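**Q**
Numbering (the working numbering), first residue to last: 180 to 405.
And the structure:
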């Protein structure tokens, strides 16, 4: 359904996620201010990068107003005056990448995953624990695009890039991650690669991580961890 979709993946090992990086926090605040004042984001849902995700959500019967793509929700919050908290360095790098390039970006603690990670259509019997609500249990809609753990059907992210799971949330103690950068036209495969390489470089510099980068598309839909 989305032949031009590209996902960049940064795998990071031996991460130090306990330190707060002043340079990163300062960049986040600058990106927030740009997001608040950028005239191109005055009608943010019409921005080409964001509207492509709104249309994609509608294509698989998800209302993007009630279940907004993560980048749409992030821009909306900032345009309404919110400040994005510095939860930890990896999460802040995810937010920085999203705001800098206006694309969905997310990540998971791989030590909380036991099988393969698969982006696929839901059957409806998979399980999901919302971020911040680990005691709640939900099932995705049949046909919804989900990101799941193949071993147990645990959903890491609902509606492609709407909401992450509490099960694989990234904390200060996280040491092994997969970070995703998603591109739909007008974002090209080359742009996705550049954004992913940028994120990998920052993860290496700020978290002393050992990194590897993979680019997934219709012709190269999978990779095996080294």
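The C-beta atom is built at its ideal place from N, Cα and C for all residues, glycine as well. This one's a predicted model, so the numbers in the text were calculated from it and none came from an experiment.
#1: Cα separation between residue 192 and residue 202?
#2: Residue 360 and residue 186 - do their beta-carbons sit closer together than 9 Å?
#3: Under the rule that 16 or more other beta-carbon atoms within 10 Å means buried, what is residue 346, buried or exposed?
#4: Using the three-state DSSP reduction, which class does residue 366 fall into: helix, strand or coil?
#5: For residue 401, does the count of other Cβ atoms within 10 angstroms reach 16, so buried, or fall short, so exposed?
#6: Taking 6 Å as the limit between beta carbons, can you name the residues of its chain near residue 388, skipping five residues before and five after?
#7: Within 10 angstroms of its Cβ, does residue 295 collect 16 or more other Cβ (buried), or is it exposed?
#8: Is the distance from the Cβ of residue 358 to the Cβ of residue 269 below 9 Å?
#9: Should residue 297 go down as buried or exposed, given a rule of 16 or more other Cβ atoms within 10 Å for buried?
#10: One question on the structure: do residue 249 and residue 285 come within less than 9 Å of each other, judged by their Cβ atoms?
#11: Taking C-alpha atoms, which residue in 182, 211, 396 lies nearest to residue 278?
#12: Short of 7 Å in beta carbon distance, which residues of its chain neighbour residue 197, apart from the five on each side in sequence? Order them along the chain.
#13: So the candidates are 362, 291, 338; which of them puts its Cα closest to the Cα of residue 240?
#14: In terms of residues, what are the limits of the beta strand (DSSP E) holding residue 391?
#15: Identify which residue in 363, 362, 275 has its Cα closest to the Cα of residue 267.
#16: Tell me which same chain residues have a C-beta within less than 6 Å of the C-beta of residue 394, skipping the five on either side of it?
#17: Buried or exposed for residue 244, please, with buried defined as at least 16 other CB atoms from any protein chain shown within 10 angstroms of its CB.
**A** Based on what the coordinates show:
#1: Residue 192 sits at position 13 when you count from the first residue of the chain shown. Residue 202 sits at position 23 when you count from the first residue of the chain shown. If you take the alpha carbons of residue 192 and residue 202, they lie about 22 Å apart.
#2: Counting from 1 along the chain shown, the entry for residue 186 is found at position 7. Counting from 1 along the chain shown, the entry for residue 360 is found at position 181. Result yes, Cβ atoms of residue 186 and residue 360 sit closer than 9 Å.
#3: Taking the first residue of the chain shown as position 1, residue 346 is located at position 167. Residue environment for residue 346: buried (at least 16 other C-beta atoms within 10 angstroms of its C-beta).
#4: Mapped onto the chain shown, residue 366 falls at position 187. In this structure, DSSP gives residue 366 a state outside helix and strand, which the three-state scheme calls coil.
#5: For the purposes of this step, residue 401 is taken as the residue at position 222 of the chain shown. Looking at its Cβ environment, which holds fewer than 16 other Cβ atoms inside 10 Å, residue 401 is exposed.
#6: Numbered from its first residue, the chain shown carries residue 388 at position 209. Leaving aside the five residues that flank residue 388 on each side, the residues in its chain whose CB is nearer than 6 Å to its CB run, in chain order, 191, 194, 382.
#7: As a position in the chain shown, residue 295 is number 116, starting the count at 1. With fewer than 16 other Cβ atoms within 10 Å, it is exposed.
#8: Looking up residue 358 in the chain shown gives position 179. Looking up residue 269 in the chain shown gives position 90. Yes; because the gap between Cβ atoms is below 9 Å, this pair is in contact.
#9: What you label residue 297 is simply residue 118 of the chain shown in a count that begins at 1. Residue 297 should be labelled exposed.
#10: The residue you call residue 249 lines up with position 70 of the chain shown. The residue you call residue 285 lines up with position 106 of the chain shown. Pairing residue 249 with residue 285 gives a Cβ-Cβ distance under 9 Å.
#11: Walking along the chain shown from the start, residue 278 turns up at place 99. Answer by Cα proximity: 211.
#12: Counted from its first residue, the chain shown places residue 197 at position 18. So the qualifying residues of the chain are 351.
#13: Mapped onto the chain shown, residue 240 falls at position 61. Here the closest residue by C-alpha is 338.
#14: Taking the chain shown and counting its residues from 1, the one referred to as residue 391 is at position 212. If you look at residue 391, you'll find it in the beta strand (DSSP E) that goes 389 to 395.
#15: For the purposes of this step, residue 267 is taken as the residue at position 88 of the chain shown. The shortest Cα separation from residue 267 among 363, 362, 275 belongs to 275.
#16: Counting from one through the chain shown, the residue named residue 394 turns up at place 215. Within the same chain, residue 394 has close Cβ partners 187, 372.
#17: Taking the first residue of the chain shown as position 1, residue 244 is located at position 65. Exposed, since its Cβ has fewer than 16 Cβ neighbours within 10 Å.
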